[in-house]
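In the numbering used here, the protein residues as written are 217 to 470. The beta carbon of each residue, even a glycine, is placed where N, CA and C say it ideally should be. Keep in mind the model is a prediction, meaning the values are calculated, not measured. Structure first, then comments.
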Amino acid sequence: MLGFVGAGNMAAAIARGLGEPIHATDNGSGRAKALVAELGGEVMPTNADLFRRSDTIFLGHRPDQLAAIAEGIDAKGKLVISMMGPTTIAQLQDAYPGATVVRTMPNTPVEVRRGVVAVAEGGEPAVDLLSRLGTVVVLPERQMDLATATAGVMPALIAVLAEAAIDAAVCHGLDVENAKDMFLETMAGTAELLIKRDGDTLAVRREVGTPGESTVRGVAALERNNVRTAFMDAFHDVLTRLSRPYLGGSVVVD
Ligand SMILES: NC(=O)c1ccc[n+]([C@@H]2O[C@H](COP(=O)([O-])OP(=O)(O)OC[C@H]3O[C@@H](n4cnc5c(N)ncnc54)[C@H](OP(=O)(O)O)[C@@H]3O)[C@@H](O)[C@H]2O)c1
217 MLGFVGAGNM AAAIARGLGE PIHATDNGSG RAKALVAELG GEVMPTNADL
267 FRRSDTIFLG HRPDQLAAIA EGIDAKGKLV ISMMGPTTIA QLQDAYPGAT
317 VVRTMPNTPV EVRRGVVAVA EGGEPAVDLL SRLGTVVVLP ERQMDLATAT
367 AGVMPALIAV LAEAAIDAAV CHGLDVENAK DMFLETMAGT AELLIKRDGD
417 TLAVRREVGT PGESTVRGVA ALERNNVRTA FMDAFHDVLT RLSRPYLGGS
467 VVVD
């Protein structure tokens with residue numbers, strides 16, 4: 217049985233994506249109860265009970281809670297999968313001696329099984345299970361912070377882009393529902409097309425625009441407004457936050 221320490225946003229997205237009954241705990245909010253009502257399973261009275269009664273345990277709490285939650289827990293022989301991006305394999309092994317620990321960085325589209333789960337090398341025992349959530353990418357541990365920037369936080373950045381485009385359409389007179397339908401489907405369809413074209417963004421761009429006409433003028437307006445610089449800055453700020461001392465320090469990005 218799958219166990220979830222914490223039933224917050226990321227844990228719930230993974231549990232929904234896996235779509236099977238779970239054992240879960242929380243810190244008193246009632247979110248574990250709500251998630252169990254949705255998926256089946258049982259709320260566990262304590263984290264020790266959760267570990268005793270589950271084979272695979274997802275850590276869905278915040279990184280700074282690791283030591284306090286692991287205190288006194290026997291995880292020998294269990295598969296412990298952390299979704300706490302910055303927490304290193306060494307820190308997980310210290311907290312749960314005798315367990316097989318896996319460091320991951322998932323993103324919320326796992327809920328609809330179109331997520332990305334970055335797995336630090338050594339986490340191969342969890343890959344089959346995690347593949348049910350979308351695309352699994354195995355990375356050297358030193359690159360896990362880059363997975364946070366590229367995949368973990370990205371649904372929020374993409375949601376801002378969607379919001380901006382929908383607002384622009386509404387500002388020019390389109391009704392909100394049509395603006396949402398058209399933009400969100402265009403976003404999903406463009407992602408599919410880019411995947412089909414092996415990520416050739418320039419080819420997809422050139423196929424849309426006639427020289428001198430509206431598309432290339434729209435692209436030029438984005439460039440004038442520094443869309444690339446905005447993404448560079450966003451990555452810089454995410455990585456800077458991750459490299460600050462945090463539970464003894466994250467893995468340094470080289
Ligand atoms: N959100 C994302 O998109 C995302 C993406 C990748 C990775 N992550 C990582 O996933 C982790 C959780 O993030 P989140 O956004 O899901 O946070 P969240 O919504 O705040 O969820 C945290 C959960 O941990 C529970 N918790 C706290 N102390 C606990 C304890 N002693 N025993 C059991 N459960 C306890 C909380 O309980 P209550 O409900 O009672 O407060 C809550 O359910 C973080 O490490 C984050 O870095 C998040």
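Who are the near neighbours of residue 353 in its chain, counting only those whose CB is closer than 6 Å to its CB and skipping five residues on each side?
By 1-based counting over the sequence shown, the position of residue 353 is 137. 334, listed in sequence order.
On the DSSP bridge assignment, give the partners of residue 274 in chain order.
As a working mapping, residue 274 is identified with position 58 in the sequence shown. Paired residues: 220, 297.
Compute the Euclidean distance between the alpha carbons of residue 250 and residue 412, then round it to the nearest angstrom.
In the sequence shown, counting from the first residue as 1, residue 250 sits at position 34. In the sequence shown, counting from the first residue as 1, residue 412 sits at position 196. Residue 250 and residue 412 have their C-alpha atoms some 39 Å from each other.
Whole angstroms are fine: how far does the CA of residue 263 sit from the CA of residue 384?
The residue labelled residue 384 in the question sits at position 168 within the sequence shown. The residue labelled residue 263 in the question sits at position 47 within the sequence shown. Rounded to whole angstroms, residue 384 to residue 263 spans 47 Å at the Cα level.
Quick test of your reading: residue 370 and residue 323, contact by CB under 8 Å. State the CB separation rounded to the nearest angstrom.
Along the sequence shown, read from residue 1 onward, the residue named residue 370 stands at position 154. Along the sequence shown, read from residue 1 onward, the residue named residue 323 stands at position 107. Contact flag correct, Cβ pair sits at about 6 Å.
May I ask you to report which of helix, strand or coil DSSP gives residue 457?
Against the sequence shown, residue 457 aligns to sequence position 241. It is helical.
Applying the criterion that 16 or more other CB atoms from any shown protein chain within 10 Å of the CB defines a buried residue, is residue 277 buried or exposed?
Taking the sequence shown and counting its residues from 1, one reaches residue 277 at position 61. It counts as buried.
Give the single residue among 415, 438, 457 whose Cα lies nearest to the Cα of residue 380.
Translated into positions along the sequence shown, residue 380 becomes position 164. The shortest Cα separation from residue 380 among 415, 438, 457 belongs to 438.
Going by the beta-carbon positions, is the gap between residue 342 and residue 295 smaller than 8 Å?
Position 126 of the sequence shown, counted from the first residue, corresponds to residue 342. Position 79 of the sequence shown, counted from the first residue, corresponds to residue 295. It is a contact, given that the beta carbons lie within the stated cut-off.
Who pairs with residue 436 in a beta bridge, going by DSSP?
Taking the sequence shown and counting its residues from 1, one reaches residue 436 at position 220. Looking at the DSSP assignment, residue 436 forms no beta bridge with any residue, so it has no partner.
Just mark residue 247 as buried or exposed, buried being the case when its beta carbon has 16 or more other beta carbons within 10 Å.
Position 31 of the sequence shown, counted from the start, is the residue given in the question as residue 247. So residue 247 counts as buried.
Compare the C-alpha of residue 394 against each of 382, 409, 286 and name the closest.
Translated into the one-based positions of the sequence shown, residue 394 becomes position 178. The option with the nearest alpha carbon to residue 394 is 382.
Are at least three pairs of beta-carbons, each pair with one atom in the stretch 298 to 313 and one in the stretch 271 to 288, less than 8 Å apart?
yes
Report whether the distance from the Cβ of residue 368 to the nearest heavy atom of ligand 1 is below 7 Å.
If you number the sequence shown from 1, residue 368 lands on position 152. Because some heavy atom of ligand 1 lies under 7 Å away, the Cβ of residue 368 counts as near it: yes.
On the criterion of 16 or more Cβ atoms from any shown chain inside 10 Å, does residue 228 qualify as buried, or is it exposed?
Here residue 228 refers to the residue found at position 12 of the sequence shown. Burial state of residue 228 is buried, judged by a 10 Å Cβ sphere holding 16 or more other Cβ atoms.
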